[in-house]
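Note that the protein sequences, when read in sequence, are chains E and S.
FYI, in this note's numbering the residues of the first sequence are 1 to 463.
FYI, in this note's numbering the residues of the second sequence are 1001 to 1411.
Where a beta carbon is used, it is the ideal one built from N, C-alpha and C, also for glycine.
Accompanying notes for the structure given below.
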Amino acid sequence: MGRAYNTIAFDAAKCDGCGDCMRACARAKTDSEDIARSRIQILGGSSGFELALCRQCGDPRCVAVCPAGALGKDEQSGVIGWDASKCVDCLLCTLGCAYAGIALDEATGRVAKCDTCEGAPACVPACPHGALKHHTTARIYNEVGDWEDLFAPGLAGCQGCNTELLMRHTLRRVGPETVLATPPGCVPGMGSVGYNGMAGTKVPVFHPLLTNTAAMLAGVKRQFNRAGRKVTALAIAGDGGASDAGFQSLSGAAERGEQILFMVVDNEGYMNTGMQRSSATPFGAWTSTTPVGRESKGKTQDAKNLPLLMVNHRCAYVATASTAYMEDLYEKLDRAIVAAETGFAYLHVYSPCTTGWRFPTEKNMEVARKAVETNFVMLWEYTPAQGLHFSQSVDHPLPVTEYLKVMGRFRHLTEEQVQHIQAKVEENRAFVQQISQQSYAPREYVRLAGLGGDHDKGNAPRR
Amino acid sequence: MTAATLERADTESKFIVCEGNEAAALAVALARPDMVSVYPITPQSSLVEHVAKLVADGRLDADIVDAEGEHSVLSVLQGAALAGGRTYTATCGPGLAFMFEPYFRSPGMRLPIVMTIVTRDGITPQSVWGGHQDAMTVREVGWVQIYCESVQEVLDTTIMAFKIAEHHDVMLPVNICVDGNYLSYGSARVAVPEQADVDAFMGVKNVNWHAALDPERPMGVDPLTGGSGGKGPSMFVRYRKSQCQGMQNALRVITEVHEEYARRFGRSYAPLVEQYRMEDAEIALMTIGSMTGAAKDAVDEARQAGSKVGIVKVKTFSPFPLEVLVAALDKVQAIGVVDRSVAFRWNCGPLYQETLGALYRLGRHVPSTSFIGGLAGADLTVDHFLRVIRETEALRHGRLSSGPVWLNEND
C-alpha cells in the first residue's frame, strides 16, 4: 500500500500574491523580514501565480543527485531533510529539483528548503485567502487500513450518499468495544441493525425509538460502568430524531453528563421516510411537507441550530464537521471519543442528501464543500475549558448562491428568499463568531492545545 | 388489615410501621437492582424519594438516574437491562401515559423491568388522586400486572416481582399496582425480611441471556422484521407467539414464586385469584386492590344477616387468570364486579368487561352487574359494598341493570 504523507497544497486561483506566506516563513526560519530567504516562493504576476516549494517527493531527484548524502527522506514524516554537516555546497540538488523546492540562501551561502516546520507549517495560517492548505489526511490513509470495518458489506444507502462513508469511518475509529444505537432513519434504513434476525454491524447494535436514543444509551453505558467494563456508547442518529422528537432525551442526557458519543448525521430533514421537513431543514428548502406551490414555496422558517443548543448544555465536547473535510472530522472524532469517556460528546456532521436535496449523485462532496465555503455550514468545536473556535476559515465566504444553485431543493427560490438565506448565513456567522471571540480560553492556551481557534487568520496550526 | 395467611416461616423478619410507598422502596432495596431511574409524580413521589434516600445512605448499591421525564426513565432501564442490569422504577397516571412509547416496547423486547404503578385516576377531569384508570388503560400492552391489597403485600409482592419478571420462562416486565392514596400513603405494621434471606430467594441474576447489548456477544437487537416477504411473516409470528406464551407461563411462575415465598417467609397470598368465604357462596363480589378490605367487612356483615355471599379478589390481572377465575365462579348465581376505573368502550368497569369473557367459559348464563366506585380518590366503604351485595342479590330475581352502578354518584 505504501505510506502516505501530509502535504502543503496550493490553490493558485485563491492567491493574490500578497507575500504573507513568504514573510511568515522568513520570520519562522531565518528570523528576518527578507522574503528572498523564505523557503516558500510565490512567483508570477498578472497571468497568475505559481508555487516554488519542496514537494517532499516520493522519488526525490535532489536526494539522488546529492554526492555527499546530505539529503534524505524521513520515512515517518516524509520530509526530505538536509544535513548541514554533510553538505559540500555543490548546489547539484538545486539543478535536480523540478519544483525549485531547494535553493541557495544567499545570506548563508548554503542551500535551504522547507521542512514543514515539524508538521505545523507557518506559511499556511499566514495566507489570508486560504490558498495554502496543509493536508493531514495521510494519517487517515496510514491508520484506517489497520482498523476493522465493523459494518457489514453492502449497506443499502442511496446511490451517492456519503453517510455510509461516515458510518464506516466512525465505527472503524471507535472500534469493536462499542454499543451502537441507530434510531429510526437513514442509518438503520441502510441495514445497520439488520433485517429478520440478520445483523448489519459487527458490534452490538439496536434501534432505539426515535425519541429515546440518549436515554437508552445512558442505561447501557452506566450498566457497563457498574460492571467495571470500558465500552463506548455510540449513537449515529438523524437530525429529525435528535432535534425534534428525540430532543428531550438528548438534552436530559447532556445535562446529566452521560458518557455518550452522540453523532448526528444532519441531512436536514426526514429523508428516510420520504424527505419531510424537520426543524433542521433550512429556510426556503423544498421538502415533501414544505412543497412548492402557488401559495408557498418551501419552508418558511429558519433551521434550529442544534449544535449551538448543545454548546449551551456545556457538553464535554461539541463540534460540527463535514464529510468533505475528513481530516477535520477525524480529529474531532478523536477528541469526541476521549471526551465521551468522562462526559457527553456531541458531533454534528452535515451530510448532503442526493435524493432529498435533488442533486446528481456524483456531486455529494462538492455540495458538502460548497456548504462550508459559503458559510452555510460552519465548522467549529467547543469544550468548556477552551470555548468555541472555528476549525475552518469563515472570513472569505463565497456567496450563498454558489451553494444553493448546486441542488434542486432551492431551485424555486425567489430573489427575496435568497436574500433571506444570505442574511441568515451572515447573522449565523456573526453570532457564532461572537461566541468564539468571547470564549473563555486565552489564545495562547488554544494554540498550545493545538485547537483551531484563530479565525482571523483562517486555518490555525494543527498537530 | 393484611390479606396474608401467616404460616411457619423458615426465616425471621423485623417489624416496622411504614406507608405503602416506603414498603415498596424497602422491597426494592432488598431485591438489589443495579439501576433505578426516577421521576416524581403524585402519588408515587415519596416512593422514589425513599429509594433515593436508601441509595444515598448506602443501603442500596444502585445507580440512580434522575431522568428528565418518564419516557427517558423507562428508556434508561431498557438500556441497562440489555446490558445485564436488574432494573426498577415507579410511576403513575400522566407519567405512565408519557412513558407509553417505551412502555409498549418493553414486553416485546422481553425485558424483565419491574415498575410500580402507584395507581391514579386518568386525567381529565384533572385529579391527582387514586384510581385504577392508569394501569387499567394499559392492560393490553403485555406487562404482567399484579394488584396489592395491603401494605405488607406491597412489600412482599415487590420482592417477588423481580423473580417473576426474570424467570427464564417469563422474561416480561412486571407492574406492581399499588392503590394511590389508600396504599401509597396508608401506614401499617410491616414485616421486613432479612437481606440474606432475600438474596437466597432471588438466586442468580441473568437478565440478558436472550438479548444483549454487549461487545462480548455482539448481536443486532430487535432488527426490522415482519412484512409480507421472505422470513418476515414467520419471524414476526414467532416473536409475538412466544411473547403470548411468556404471558401464559407467567400464570404458573407467579404461582410457584408465591409458594416459594410463603415457604421462606411465612406469608402466603393467593397468587392469581383469592376466594373469601366462597365455599357455599351463591353470589360473588369481585374486587381488585385495596378496596377488598372494606368488601370483606361487608361480606362478614351480610353473612351474619344470612346472605350467602363471598368475594373473588383478582390479584394477578394480567395475564388474565381465566382458568382459576372460571373455577372460582363455577357455582355462583349472580356476580357483582366492582371496578375503580372505567372501560369507556363498553360503559362498564374493565374487570367487569374481562369477567364477561370468563363467564362465557362457564357455559351458562350468570346475571351480573358492573359497579364503578372509588374514582379519583373517592372512598369505597362498607356501606358501598353492602349496597353492591343487595343489588347483586336482586339480580337473582330478574332485576337486570342497563348500565353500571356509580357507587359514589351521590357522595
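Residue-level contact to chain S via CB, residue i, 9 Å cutoff
i      : result
E:T178 : yes
E:S393 : no
E:H389 : no
E:R256 : yes
E:S249 : yes
E:P204 : yes
E:G269 : no
E:G465 : What is shown of chain E runs 1 to 463, which leaves residue 465 of chain E out entirely.
E:A12  : no
E:G19  : no
E:A199 : yes
E:H396 : no
E:Y195 : yes
is_contact[residue i, chain E] using C-beta, thresh 9 Å
i       : result
S:L1224 : yes
S:G1289 : no
S:K1241 : no
S:L1060 : no
S:V1221 : yes
S:V1405 : no
S:G1069 : yes
S:V1030 : The amino acid occupying residue 1030 of chain S in the given sequence is Leu; Val does not appear at that position. No - not a single Cβ of chain E is within 9 Å of the one on S:L1030.
S:T1292 : no
S:S1106 : no
S:R1110 : no
S:M1160 : no
S:Q1078 : yes
S:E1166 : no
S:T1002 : Only weak support exists for where S:T1002 lies, its pLDDT of 48 falling under 50; the value from the coordinates is given anyway. It does not; no Cβ of chain E falls within 9 Å.
S:L1082 : yes
S:D1066 : yes
S:V1073 : yes
S:G1230 : yes
S:P1215 : yes
S:D1134 : no
Three-state secondary structure assigned by DSSP to residue i
i       : result
E:T39   : Strictly speaking, residue 39 of chain E in this sequence is Arg, with Thr absent from that position. Reduced to three states, the DSSP call for E:R39 is coil.
E:I260  : coil
S:S1127 : coil
S:T1042 : coil
S:E1012 : coil
E:K370  : helix
S:H1397 : coil
S:H1258 : helix
S:H1210 : coil
E:Y445  : Legend: pLDDT at E:Y445 = 46, less than 50; position of this residue unreliable, no value from coordinates given.
E:L132  : strand
S:M1001 : In this prediction, S:M1001 scores a pLDDT of 44, lower than 50, which makes its location untrustworthy; the coordinate-derived value is nonetheless stated afterwards. Looking at S:M1001 - three-state DSSP - the assignment turns out to be coil, as it is neither helix nor strand.
E:C486  : Coverage of chain E is limited to positions 1 through 463, which leaves residue 486 of chain E absent and any answer about it impossible.
E:H207  : coil
E:L180  : strand
S:S1290 : helix
S:C1177 : strand
Inter-stretch contact (C-beta, 8 Å, three-pair minimum) for the stretch 13-23 of chain E and the stretch 90-104 of chain E
Counting Cβ pairs under 8 Å, fewer than three are found: no touch.
Can at least three beta-carbon pairs, one atom from the stretch 1271-1280 of chain S and one from the stretch 1320-1332 of chain S, be found at a separation below 8 Å?
Segments in contact, yes.
Stretch-stretch touch, CB-based, cutoff 8 Å, three pairs: the stretch 225-241 of chain E with the stretch 1040-1050 of chain S
Three or more Cβ pairs closer than 8 Å define a contact, and the stretch 225-241 of chain E falls short of that threshold against the stretch 1040-1050 of chain S.
Check whether the stretch 109-117 of chain E touches the stretch 28-42 of chain E, taking contact to mean three or more Cβ pairs, one atom from each stretch, closer than 8 Å.
Output reads yes: the stretch 28-42 of chain E touches the stretch 109-117 of chain E.
Would you list, in sequence order, the uninterrupted beta strand (DSSP E) runs of no fewer than 3 residues that lie entirely inside the stretch 234-309 of chain E?
Correct list: 261-266.
3-residue-minimum beta strand (DSSP E) runs that sit fully inside the stretch 1099-1157 of chain S, ordered along the chain:
The stretch 1099-1157 of chain S contains these whole beta strand (DSSP E) runs: 1114-1119, 1144-1147.
Complete beta strand (DSSP E) runs within the stretch 1341-1392 of chain S (minimum length 3 residues, chain order)
Runs found: 1368-1372.
Quick check: the stretch 176-190 of chain E against the stretch 203-218 of chain E, are there 3 or more CB pairs under 8 Å?
Touching, yes, given that three or more Cβ pairs across the two stretches are closer than 8 Å.
Residues of the stretch 214-225 of chain E with a CB closer than 7 Å to any CB of chain S: list them in chain order, please.
Answer set for the stretch 214-225 of chain E: A215, M216, L217, A218, G219, V220, R222, Q223, F224.
Hey, is the stretch 1343-1359 of chain S in contact with the stretch 1376-1385 of chain S, meaning 3+ C-beta pairs nearer than 8 Å?
By the Cβ criterion, the stretch 1343-1359 of chain S is not in contact with the stretch 1376-1385 of chain S, since fewer than three pairs of Cβ atoms, one from each stretch, lie closer than 8 Å.
Residues of the stretch 1032-1043 of chain S in Cβ contact with chain E at a cutoff of 7 Å, in chain order, please.
Contact residues of the stretch 1032-1043 of chain S toward chain E are D1034, M1035 (C-beta to C-beta distance below 7 Å).
Do the stretch 1099-1111 of chain S and the stretch 1168-1182 of chain S make contact, defined as three or more Cβ pairs closer than 8 Å?
Under the 8 Å Cβ criterion, the stretch 1099-1111 of chain S counts as touching the stretch 1168-1182 of chain S, having at least three qualifying pairs.
Scan the stretch 29-98 of chain E and note each continuous beta strand (DSSP E) run of 3 residues or more that stays entirely inside, going in chain order.
Listed in chain order, they are 41-45, 48-52, 71-73, 80-82.
Could you run through the stretch 148-176 of chain E and flag, in chain order, every residue whose CB is less than 8 Å away from some CB of chain S?
Listed by position, the residues of the stretch 148-176 of chain E near chain S (Cβ gap below 8 Å) are P176.
For the pair the stretch 1145-1158 of chain S and the stretch 1020-1039 of chain S, tell me if three or more CB-CB distances fall below 8 Å.
Contact between the stretch 1145-1158 of chain S and the stretch 1020-1039 of chain S is established, with three or more Cβ pairs separated by less than 8 Å.
Three-pair Cβ contact test at 8 Å for the stretch 251-265 of chain E versus the stretch 1111-1127 of chain S:
They do not touch, by the three-pair rule.
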